[in-house]
Each structure stands twice: as C-alpha cells, then as structure tokens.
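K.L.:
Take a look at this one; I'll ask things after.
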Amino acid sequence: MHNARATGFVQMVIRLGYGPSRPATPRRPVTEVLTLG
C-alpha cells in the first residue's frame, strides 16, 4: 500500500501542439534484428 502522507511536489508536463519536424531516424531491417526458428 502507498504512503498516504508522502511529501514532495506534484509535477506535470503538458505538451501543446507539435515540435519542429526532424528527419526520420535510420532503421535496421527486420531480418537483421529478429531471428526466427
């Protein structure tokens, strides 16, 4: 059970809108990442 009298400050992040576009990050092919069998 959580301590009902915890001390500290409540923190929250609110994002509004979209940030600037960035180029896509390079991705490895699935066959290089997964081994089936």
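Here my numbering is used: the first residue of the sequence shown is 851, the next is one more, and so on.
For glycine and all other residues, C-beta sits at the position ideal for the given N, C-alpha and C.
On a predicted model such as this, the values are computed, not experimentally measured, just so you know.
Tell me where the alpha helix (DSSP H) around T875 begins and ends.
P.N.:
Careful: T875 lies outside any alpha helix (DSSP H) and carries neither H nor E.
K.L.:
Please report how far the alpha carbon of R865 lies from the alpha carbon of R872, in whole angstroms.
P.N.:
When rounded, the distance between both Cα atoms is 17 Å.
K.L.:
So what does DSSP say about T857, is it helix, strand or coil?
P.N.:
The answer is coil: DSSP assigns T857 none of H, G, I, E or B.
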